[in-house]
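Under the working numbering, the first residue of the sequence shown is numbered 247, with each subsequent residue one higher. Just so it is clear, CB atoms sit at the ideal spot from N, CA and C, and this is done for glycine as well. Small disclaimer: the values here were computed from a predicted structure and weren't measured. Okay, so here's the structure we're looking at.
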Amino acid sequence: LLIAFSLMPLAGAIAINFSAPLFTALISALLLKETVGPARWMALLAGFCGVLIVTHPGAGTFEIGALFALANAVLYGSVTVGVRGMTATESAETLILYQLALLTAFFALFLPWTWTGPTPMDACWIVFNGVSNAVGQYWWTRALHLAPASAVAPFNYLSLVWASILGFAIWGDVPTVALVIGSAVVVASGLFLFWRESNARQAKLPATE
Numbered sequence: 247l248l249i250a251f252s253l254m255p256l257a258g259a260i261a262i263n264f265s266a267p268l269f270t271a272l273i274s275a276l277l278l279k280e281t282v283g284p285a286r287w288m289a290l291l292a293g294f295c296g297v298l299i300v301t302h303p304g305a306g307t308f309e310i311g312a313l314f315a316l317a318n319a320v321l322y323g324s325v326t327v328g329v330r331g332m333t334a335t336e337s338a339e340t341l342i343l344y345q346l347a348l349l350t351a352f353f354a355l356f357l358p359w360t361w362t363g364p365t366p367m368d369a370c371w372i373v374f375n376g377v378s379n380a381v382g383q384y385w386w387t388r389a390l391h392l393a394p395a396s397a398v399a400p401f402n403y404l405s406l407v408w409a410s411i412l413g414f415a416i417w418g419d420v421p422t423v424a425l426v427i428g429s430a431v432v433v434a435s436g437l438f439l440f441w442r443e444s445n446a447r448q449a450k451l452p453a454t455e
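Structure, rendered in structure tokens:
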């Protein structure tokens with residue numbers, strides 16, 4: 247994704263990257279034989295339309311960088327489905343431990359050539375980022391253990407909304423009309439899916455008791 251950012255407009259790269267939930271639903275249907283259903287597809291497509299409203303990518307989206315952004319989206323969708331499949335035999339704690347250990351070992355290989363000592367403040371932010379990422383990954387893995395990948399994936403769009411809120415609260419970025427409308431569409435799609443999945447779960451409870 248970083249390569250895509252360096253080769254194409256940021257808005258276009260973000261829009262393409264947010265197609266990951268669509269690939270998650272498609273791959274989960276093909277490999278895990280999960281039933282996606284019209285309601286989940288509607289939520290996925292509505293959320294993606296909300297992202298397009300916010301980023302409003304132009305013709306510049308279709309560049310060589312778009313291939314890298316698309317590859318990242320496909321890989322992210324594949325990883326999500328893979329994690330969903332492994333939750334059948336592994337706990338969330340085990341999966342997170344493996345992931346963090348492999349990432350640490352992989353990026354440690356680059357330290358001899360890229361290491362720069364962080365300032366105390368930077369070190370604090372690095373620790374905060376690492377802990378936040380670990381907690382977020384754990385919750386994401388638990389969600390994939392409890393629900394199908396196609397039901398969890400659309401909530402990834404909400405990260406756009408949180409980014410907008412934090413941008414305004416921390417850096418004073420004033421929301422644009424497109425941002426407000428697109429975020430409303432994203433939130434609405436997430437609330438619709440949450441309501442739909444909750445009703446579906448309640449409907450199954452009498453049958454299982």
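query: Just how far apart, CA to CA, sit L437 and G283?; result: 17 Å
query: Which value, in whole angstroms, describes the spacing of the CA atoms of N375 and L321?; result: 23 Å
query: Need the endpoints of the alpha helix (DSSP H) that S396 sits in, please.; result: 395-398
query: So the alpha helix (DSSP H) V420 belongs to, where does it begin and stop?; result: Premise fails: V420 is in no alpha helix (DSSP H) and is neither H nor E.
query: Output the boundary residues of the alpha helix (DSSP H) element that contains W359.; result: 357-360
query: Within its chain, find whatever has a CB closer than 6 Å to the CB of A266; leave out the 5 residues flanking it on each side and keep chain order.; result: A319, Y322, G323
query: Helix or strand or just coil, what does DSSP make of E336?; result: coil
query: Sort S252, L268, G296, L247 by Cα distance to A434 and report the nearest one.; result: G296
query: If you draw a straight line from the alpha carbon of L406 to that of G363, how long is it in whole angstroms?; result: 31 Å
query: Three or more C-beta pairs closer than 8 Å, one from the region 275-291 and one from the region 411-420: is that the case here?; result: no
query: So the alpha helix (DSSP H) P364 belongs to, where does it begin and stop?; result: P364 -> no alpha helix (DSSP H), and no H or E assigned at all.
query: Over the uninterrupted alpha helix (DSSP H) stretch that includes L298, give me the two end residues.; result: 283-301
query: Distance check for L291 and L316, CA to CA, integer angstroms please.; result: 16 Å
query: With a Cβ-Cβ cutoff of 7 Å, do F251 and A259 count as a contact?; result: yes
query: Please list the terminal residues of the continuous alpha helix (DSSP H) segment that includes F269.; result: 266-277
query: Tell me whether E455 sits in a helix, a strand or coil according to DSSP, three-state version.; result: Any answer about E455 is weak, because its pLDDT of 47 lies below 50 and its placement is not dependable; what the coordinates show is given next. It is coil, neither helix nor strand.
query: Indicate the three-state DSSP secondary structure (helix, strand or coil) for E443 in the structure shown.; result: helix
query: What residue from V300, C370, G382, A395 has the CA that sits closest to R330's CA?; result: A395
query: What is the DSSP secondary structure of L404, counted as helix, strand or coil?; result: helix
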